[in-house]
Ligand code: HEM
Ligand SMILES: *[C@@H]1O[C@H](CO)[C@@H](O)[C@H](O)[C@H]1NC(C)=O
Ligand SMILES: *[C@@H]1O[C@H](CO)[C@@H](O)[C@H](O)[C@H]1NC(C)=O
Ligand SMILES: *[C@@H]1O[C@H](CO)[C@@H](O)[C@H](O)[C@H]1NC(C)=O
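In our numbering, the protein residues as written are 818 to 1328.
This is the structure in structure tokens:
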């Protein structure tokens, strides 16, 4: 256990009790919501610690609509937002910023100079430079690397037991390998075992489900970020892992940058990886070697588990829906009969990926705080406790809100009355999903939207297309008897077995 961490947190708790005394008025009192089960924890345990993600939240969505009020720790009001227009407004504008421990962890793990932690002009500058490696054209060039990674999975599966194989580590190895080769021109082997091990450990860090963490989370907003940066020098496992990860990434980053610069000086041919692309583009003079090194931890960590868990949930759904699996395989076999496979031209494959991304967003909820007074517009009116209809919600600076991404993707008025079911055919009936929330992919917000939209969304989609194509072409997937895998919230949405492990055991046999 992280005793020193919690000890400081609680010492700090005393000093921040002041916050409770000077608590500001809440402008969202009149918005309806469920009664709070406790002053200390509010609804946080029901929202974040339910055995299966959404046990309570999706009930609240049905009962109170797409905007409602919850209580968090110490009786604070929290606005839950699943309304498409409201989400669009919050994600695309500048009135809200990431909050709480989420904000602290982003700063500590990815670094204050990373694109995800930066703001305003600095964010735009980094984003423009990095973008050259993530355009549609750039991503298409990574396809052979993704295919090679998928083949490695196939070979490994041939040597795994058919009765029950955990597909998850195979997927994370492939997604880490893809990032490493496509973006940094380096194989996993060259990164070294310790780097790989530390990056897996870093991903596990925020996955604690202790009740006390809910209280510590509140401190994220109440203690300055400087406090946490100093705290990283403490000898706890968490901070040690963060320090080690940061040290190793900087070392490896420096080495890669040096090699690339040498190659460029000697006029050697450059590759298609992110580094080479940035140095060959017209943004080259706007970004330094240090800037790039500062993005490496983020890029290594952001795309690995997210893509792997999404594919894992997809395979679980295939195992549960054998008829659909057969149809998908037939489409894949047809495509194999043609001269060249174009993944984008496969209706079932893409409907399947969209449906998986809809039901299993890697970040199902995300906390934000208003940094100015503002008014949130709504697509669907709400009725307040005083019977008033509202199409706009005024909020004051300091108001906490939660972006309810998973709930938005289940709002019945947008996705239909079967919105909680896995049904890829909804994407094929020619139905246009009417929604005001503009995400980069299929009107979904799993990659969020606005200026901080996931930079790697095309990278992730192509990789998912390739992996699923290859896996389904060669293997058939069935559920393992007696194993129940459920989506659970551990800072990300993760597949968890009945024995509490992060794993996706499947019965996998050669076609
Ligand atoms: C299914 C897979 C993925 C999902 C669901 C996903 C989701 C997200 C989300 C929700 C954010 C916004 C986080 C926030 O602002 O709080 C984000 C940001 C980001 N993602 Fe992804 N991601 C995926 C794959 C990838 C991949 C493969 C890469 C790169 C190789 C990547 C790189 C990034 C980067 C660099 C950012 C920060 C962008 C910025 O702040 O401007 N992601 N992602
Ligand atoms: C998002 O914000 C930008 C800049 O303020 C604006 O130009 C754009 O129209 C907005 N997009 C949407 C869909 O609201
Ligand atoms: C994943 O990669 C690591 C390091 O290369 C290797 O030791 C491990 O066996 C791989 N696991 C699977 C399931 O492929
Ligand atoms: C997977 O299936 C495809 C199409 O049938 C085939 O070309 C390929 O060789 C298979 N891969 C492996 C590793 O068996």
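A virtual CB, placed ideally from N, CA and C, is assigned to each residue, including glycine.
Treat the numbers as computed from the prediction; the structure is a model and nothing was measured.
(request) Taking only the alpha-carbon atoms, compute the straight-line gap between residue 1080 and residue 1094 and give it to the nearest angstrom. (result) 13 Å
(request) Collect the residues with a C-beta less than 5 Å away from any heavy atom of ligand 2 and give them in sequence order along the chain. (result) 909, 1255
(message) Any contact between the region 885-900 and the region 1205-1222? By contact I mean 3 or more CB pairs, one from each, below 8 Å.
(response) yes
(message) If you reduce the DSSP assignment to three classes, tell me which class residue 1230 lands in.
(response) helix
(message) Can you determine whether any heavy atom of ligand 3 sits closer than 7 Å to the C-beta of residue 1280, and answer yes or no?
(response) no
(request) Helix, strand or coil for residue 1185, going by three-state DSSP, please let me know. (result) strand
(request) Output the boundary residues of the alpha helix (DSSP H) element that contains residue 1056. (result) 1054-1082
(message) My output table needs one value for residue 1019: the three-state DSSP class, helix, strand or coil.
(response) helix
(request) Would you identify the three-state DSSP class for residue 1093, choosing helix, strand or coil? (result) helix
(request) Jot down the residue ranges of each uninterrupted beta strand (DSSP E) in the region 1241-1306, minimum 3 residues, whole runs only, in chain order. (result) 1292-1296
(message) Looking only at its chain, what residues have a beta carbon closer than 6 Å to the beta carbon of residue 818, apart from the 5 residues adjacent to it on each side?
(response) Confidence at residue 818 is low in this model, with a pLDDT of 43, below 50, so the placement of that residue should be treated as unreliable; the coordinate-derived value is given next. If we look at residue 818 and ignore the five residues flanking it on each side, it has no Cβ neighbours.
(request) Tell me whether residue 1005 sits in a helix, a strand or coil according to DSSP, three-state version. (result) helix
(message) Here's the rule I'm using: 16 or more other beta-carbon atoms within 10 Å means buried, otherwise exposed. How should residue 1159 be labelled?
(response) exposed
(message) Considering only heavy atoms of ligand 4, does any lie closer than 7 Å to the CB of residue 973?
(response) no
(request) Using 7 Å as the cut-off, classify the Cβ of residue 1153 as near or not near the heavy atoms of ligand 4, replying yes or no. (result) yes
(message) What does the Cβ neighbour count give for residue 1308, buried or exposed, with the cut at 16 atoms within 10 Å?
(response) buried
(request) Tell me whether residue 1045 is buried or exposed, calling it buried when 16 or more other Cβ atoms sit within 10 Å of its Cβ. (result) buried
(request) Specify the secondary structure class of residue 991 as computed by DSSP and reduced to three states. (result) helix
(message) For residue 885, report the span of its beta strand (DSSP E) as first-last.
(response) 884-888
(request) Classify residue 997 as helix, strand or coil using the three-state DSSP reduction. (result) helix
(request) Go through its chain and collect everything with a Cβ distance to residue 1123's Cβ below 6 Å, but skip five positions before and after it. (result) 1179
(request) Just tell me which of 1270, 915, 997 has its CA closest to the CA of residue 1038. (result) 915
(request) Just mark residue 886 as buried or exposed, buried being the case when its beta carbon has 16 or more other beta carbons within 10 Å. (result) buried
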